[in-house]
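Accompanying notes for the structure given below.
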Amino acid sequence: MALEESALDNDEITEKDGLRFLVNEYQKTYFENIAIDYESSWFGRGFTLVSADGNKINGNC
271 MALEESALDN DEITEKDGLR FLVNEYQKTY FENIAIDYES SWFGRGFTLV SADGNKINGN
331 C
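Throughout, my numbering is defined as the position within the sequence shown, counted from one, plus 270.
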């Protein structure tokens with residue numbers, strides 16, 4: 271996951287709760303049934319990826 275300023279030609283744009291997500295066609299299948307959340311704790315803060323069964327996925331941002 272990375273922050274980008276603009277979409278490329280092969281990016282799919284999805285908007286949820288006022289946030290825009292850009293996913294390229296090659297990585298789109300990895301994000302099916304995935305929730306993106308934001309956590310803040312004494313360990314740190316950042317976005318987390320959570321699978322449909324509630325497990326956290328490596329690759330947080």
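Don't be surprised by glycine CBs; every beta carbon is placed ideally from N, CA and C. In this text, all values refer to a predicted model and were calculated from it rather than measured experimentally.
Discussion item. I need the straight-line Cα distance from D287 to D307, nearest angstrom please.
Written reply: 12 Å
Worksheet entry | Own chain partners of V293 with C-beta closer than 6 Å, once the 5 adjacent residues on each side are dropped | E282, F301
Worksheet item: Taking just the CA atoms, how far does S310 sit from Q297?
Response: 26 Å
Worksheet item: Can you list, in chain order, the stretches of the beta strand (DSSP E) that have 3 or more residues and sit fully within the stretch 274-324?
Response: 281-286, 289-294, 304-311, 314-321
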